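Visitor: For the sequence shown, the positions run 0 to 461 when numbering that gives the first Met the number 0 is used.
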Amino acid sequence: MNKKLWGGRFKQSVNKMTEQFGASIEFDQTMYAEDIAGSIAHAKGLAKQGIISQADAQAIVAGLNSILNDIKAGKIEFSLEDEDIHMNIERMLTEKIGEAGKKLHTGRSRNDQVALDIRLYMKKSIIETTDNLKQLVSVLVGLAENHLDTPMPAYTHMQKAQAITLAHYLMAYAQMFMRDIDRFYDTFERTDYMPLGAGALAGTTYPLDREYVAKELGFKHIAANSLDAVSDRDFVIEYLANASIAMMHLSRFCEELVYFNTQEFGFITLADTYSTGSSIMPQKKNPDFAELIRGKTGRVYGALVGILTVMKALPLAYNKDMQEDKEGVFDTIDTLNTSLKVFTDMIATATFNTGKMRYSAGKGFINATEVADYLVGRGMSFRDAHTIVGKIVLYAENQNVSIDDLKLAQLKEFSPLFEPDVYKQVSLETSIARRSLPGGPAKQAVLAQIKQVKDQLKLNRV
Ligand code: ARG
């Protein structure tokens, strides 16, 4: 005898090893609340359409609610024999309320049931993730508002390039995270389709009211094709792709915090709570958590490639392979949300050593472009100005001074166009202030950017 819920046509049971191998209860129990919500809506729908009696539906709903409370209270032990969360809950329900429990699965398959559960779970997770991203952007905006006048050097090829402000730098990351929020909202819209009624794959003969069930569960649409409804996991892949991009952004930011936090840079000091010591070197204060977030990007990319590979070449419709959609995405949801929270607090508690940033922005010929622009303003072509300033840099470098340390007479040897006003125009403050195009580092431009981000942050797209 085979005691499984599906055991009717079987003479023998699977052995312990394959039972364990095939079971998903260890991880899909994460979706217990979604499974129960889906079953409650399904039972109500069955009764509404006269497919089961109102009394049976009431018994089912009450039974499911009490199971929900028991699970929340930690009173339930799931069983491996019941394979997954769907059969565990159905078994518990029937044990609790008897015959009526056996009617719940009318007009439904585990294929549309699991598709429903994971969609509900992803919708909830997307909101959680966008909330965390918004929190991070708010912190970045707040810091930017405090540092509109803090100069810092910006780099290309890790070589000092031009001066910006700390506010401008922080807002660059705010823009990345705003795009991440947008991507998650886009995915939410495509996740917002209710699959029940698809049955195993070909719909069902029962006169279900799919729109009613969708409404009960807060879905905007019903899935349009039963075959697609049970075999689509695009929305899981999209979450993982969005998460990979968000982790990539966090990882770049962490990398910069790691080197900004070195003695060599000294631009920031991470709080003691976000640093760890060395077991051998007493002087060390390591930026472990920035490194760890950077490192955790790997497992998120791994999950994305994992599910893409699972889905590749899968024939329609449901295949057991698809059970492999869950662990990677659950781990990713957890990793991304935790990384966002840790990062947000880490940046909020860091000290910005603005004196060091300002000093560094004044060194390294960072105003060479400004000097060339000065000559262009006096009628020289940019190409000629570039060559002349290159020679000035070489000369100043040999003297171990900055361009603006050179006397006017020295500058005039390179070009007669230099006048006393050159010093003011190539100063750190002026060179930043003059970069006032939309998107630039000048205070007004950054303020405009901040306002736009703040307005966008208030929008809730879902
Ligand atoms: N545990 C399964 C999963 O996660 C549920 C769906 C099972 N359906 C089936 N026909 N075996 O994918």
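Ideal Cβ placement from N, Cα and C applies to all residues, glycine included. Note that the coordinates shown come from a computational prediction; the quantities given were computed from them, not determined experimentally.
Distance check for Glu290 and Pro281, CA to CA, integer angstroms please.
Guide: About 20 angstroms.
Visitor: So, does the CB of Phe288 fall closer than 8 angstroms to a CB anywhere in chain D?
Guide: No chain D appears in this structure, which consists of one protein chain only.
Visitor: Would Thr272 be called buried (16 or more neighbouring beta carbons within 10 Å of its own) or exposed?
Guide: By the 10 Å Cβ count, Thr272 comes out exposed.
Visitor: Closer than 7 angstroms: is that where the CB of Gln322 sits relative to any heavy atom of the ligand ARG?
Guide: True, at least one ligand heavy atom lies under 7 angstroms from that Cβ.
Visitor: Considering just the uninterrupted stretch of the beta strand (DSSP E) at Ile163, what are its terminal residues?
Guide: Run containing Ile163: 158-164, per the beta strand (DSSP E) assignment.
Visitor: Comparing C-alpha positions only, which one of Gly106, Gly363, Gln134, Gln28 sits nearest to Lys457?
Guide: Answer by Cα proximity: Gln134.
Visitor: Compare the beta carbon distance of Ala222 and Met193 with 8 angstroms and say whether it is the shorter of the two.
Guide: Yes.
Visitor: By Cβ distance below 8 angstroms, which residues in the same chain neighbour Val392 in space, the five residues on each side in sequence not counted?
Guide: Correct list, in chain order: Phe364, Ala367, Ile402.
Visitor: Compute the distance between the beta-carbons of Tyr373 and Val425, then report whether it is under 8 angstroms.
Guide: The answer is yes: Cβ separation under 8 angstroms.
Visitor: On the CB-based measure, 16 or more other CB atoms within 10 Å of its CB, does Thr204 come out buried or exposed?
Guide: So Thr204 counts as exposed.
Visitor: Excluding the five sequence neighbours on either side, which residues of its own chain have a C-beta within less than 7 angstroms of the C-beta of Ala228, listed in chain order?
Guide: Cβ neighbours of Ala228 beyond the five flanking positions: Asp111, Ala114, Pro194, Ala197, Ala222.
Visitor: Which residues mark the beginning and the end of the alpha helix (DSSP H) in which Thr128 is found?
Guide: Per DSSP, Thr128 belongs to the alpha helix (DSSP H) from 109-145.
Visitor: Less than 7 angstroms between the CB of His41 and some heavy atom of the ligand ARG, yes or no?
Guide: Not so, every heavy atom of the ligand ARG lies at least 7 angstroms from the Cβ.
Visitor: Measure from the alpha carbon of Lys102 to the alpha carbon of each residue in Ile50, Lys311, Phe9, Tyr184, then state which is nearest.
Guide: When each option's Cα is compared against that of Lys102, the closest is Ile50.
Visitor: How is the alpha helix (DSSP H) around Met246 delimited, first residue to last?
Guide: Start and end: 233-259.
Visitor: For the candidate residues Thr268, Ile84, Gly361, Leu315, whose alpha-carbon lies nearest to that of Asp34?
Guide: Checked all of Thr268, Ile84, Gly361, Leu315; the closest Cα to Asp34 is Ile84.
Visitor: Might you give, ordered along the chain, the residues of its own chain that have their beta carbon closer than 7 angstroms to the beta carbon of Lys390, omitting 5 neighbours on each side?
Guide: These residues qualify, in order along the chain: Phe413.
Visitor: Quick check: does the Cβ of Lys319 come within less than 7 angstroms of any heavy atom belonging to the ligand ARG?
Guide: Under cutoff, so the answer is yes.
Visitor: Rank Asn68, Lys325, Lys123 by C-alpha distance to the C-alpha of Asn91 and give the top, closest one.
Guide: Correcting the residue type first, residue 91 is Met in the shown sequence and not Asn. Minimum Cα distance to Met91 is reached at Asn68.
Visitor: Classify Lys319 as buried or exposed, calling it buried when 16 or more other Cβ atoms lie within 10 Å of its own Cβ.
Guide: Exposed.
Visitor: With a Cβ-Cβ cutoff of 8 angstroms, do Thr308 and Asn241 count as a contact?
Guide: Not in contact: Thr308 and Asn241 (Cβ atoms no closer than 8 angstroms).
Visitor: Quick check on the DSSP output: the beta strand (DSSP E) that includes Met356 runs from which residue to which?
Guide: Counting along the chain, Met356 falls outside any beta strand (DSSP E), though it belongs to the alpha helix (DSSP H) covering 353-360.
Visitor: Confirm, please, whether the CB-CB distance from Val375 to Thr334 is below 8 angstroms.
Guide: For Thr334 and Val375, no; Cβs fall outside 8 angstroms.
Visitor: Asn336 by DSSP, collapsed to three states: which one?
Guide: Correct three-state label for Asn336: helix.
Visitor: Pairing CB atoms from the stretch 148-162 with CB atoms from the stretch 93-109, are three or more of them under 8 angstroms?
Guide: Segments in contact, no.
Visitor: Between which two residues does the alpha helix (DSSP H) carrying Thr17 extend?
Guide: 15-21 is the extent of the alpha helix (DSSP H) around Thr17.
Visitor: Can you tell me the Cα-Cα spacing of Lys10 and Asn1, whole angstroms?
Guide: Distance between the alpha carbons of Lys10 and Asn1: 6 angstroms.
Visitor: Assuming Ala384 and Ala371 form a contact by the criterion Cβ under 8 angstroms, report the distance between their Cβ atoms to the nearest whole angstrom.
Guide: With 8 angstroms as the limit, Ala384 and Ala371 qualify as a contact, their Cβ atoms being about 4 angstroms apart.
Visitor: Within this structure, are the beta carbons of Ala349 and Ile267 separated by less than 8 angstroms?
Guide: Yes, the Cβ-Cβ distance between Ala349 and Ile267 is below 8 angstroms.
Visitor: Does DSSP put Phe267 in a helix, a strand or coil?
Guide: What sits at residue 267 in the sequence shown is Ile, not Phe. It is a strand residue.
Visitor: Can you tell me whether Asn366 is helix, strand or coil according to DSSP?
Guide: In this structure, Asn366 counts as coil in the three-state DSSP scheme.
Visitor: Quick one: what's Tyr373 bridged to in DSSP?
Guide: Partner(s): none; Tyr373 has no beta bridge.
Visitor: Please go through the same chain and pick out, in chain order, the residues whose beta-carbon is closer than 7 angstroms to the beta-carbon of Ser230, but skip the five residues on each side of it.
Guide: The residues are Leu315, Ala316, Tyr317.
Visitor: If I measure Cβ to Cβ from Ser243 and keep anything under 6 angstroms in the same chain, skipping five residues before and after, which residues do I get?
Guide: If we look at Ser243 and ignore the five residues flanking it on each side, its Cβ neighbours are Val299, Tyr300, Leu303.
Visitor: Return yes when at least one heavy atom of the ligand ARG lies under 7 angstroms from the C-beta of Ser225, else no.
Guide: Incorrect: Ser225 has no Cβ contact closer than 7 angstroms to the ligand ARG.
Visitor: At a threshold of 7 angstroms, does Ser23 count as lining the ligand ARG (C-beta to nearest heavy atom)?
Guide: Checking every heavy atom of the ligand ARG against the Cβ of Ser23, one is found closer than 7 angstroms.
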